[in-house]
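Taking it in order: structure first as structure tokens, then the write-up.
Numbering (our numbering), first residue to last: 21 to 100.
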């Protein structure tokens with residue numbers, strides 16, 4: 021399924037074989053769009069959080085499901 025992916029202000033088109041889970045984690049190795057894949061692997065250390073934003077209209081594709089991805093922040097707990 022084709023999605024419009026918003027990544028820190030930039031938009032990409034990406035085909036997902038499985039629909040990403042809302043509030044889930046996306047593995048950069050599973051991204052088919054090479055430009056987006058490279059960015060997630062390099063800047064996000066391979067993993068991104070997924071936030072659904074509804075749908076977006078694009079003349080070339082019609083209405084597309086839209087997701088926003090963001091870098092995960094790893095929390096460290098002292099003494100745990």
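Glycine is no exception: its CB is placed at the ideal position from the N, C-alpha and C atoms. These numbers were taken from a predicted model, which means no experiment stands behind them.
When the Cα atoms are used, what is the spatial distance from residue i to residue j?
i: residue 26; j: residue 38; result: 18 angstroms
i: residue 91; j: residue 61; result: 10 angstroms
i: residue 30; j: residue 76; result: 14 angstroms
i: residue 47; j: residue 79; result: 29 angstroms
i: residue 70; j: residue 54; result: 18 angstroms
i: residue 40; j: residue 59; result: 18 angstroms
i: residue 65; j: residue 44; result: 16 angstroms
i: residue 57; j: residue 42; result: 19 angstroms
Considering only the alpha carbon of each residue, which of the options lies closest to residue i?
i: residue 88; options: 78, 72, 55; result: 72
i: residue 49; options: 93, 67, 86, 24; result: 67
Kindly identify the DSSP beta-bridge partner or partners of residue i.
i: residue 70; result: 89
i: residue 49; result: Bridge partners of residue 49: none, in fact.
Among the residues of its own chain, which have a CB less than 7 angstroms from the CB of residue i, if the five just before and after it don't count?
i: residue 22; result: 33, 35, 81, 84
i: residue 52; result: 34, 35
i: residue 74; result: 86
Between which residues of its own chain and residue i is the CB-CB distance below 8 angstroms, once the five residues before and five after are set aside?
i: residue 63; result: 91
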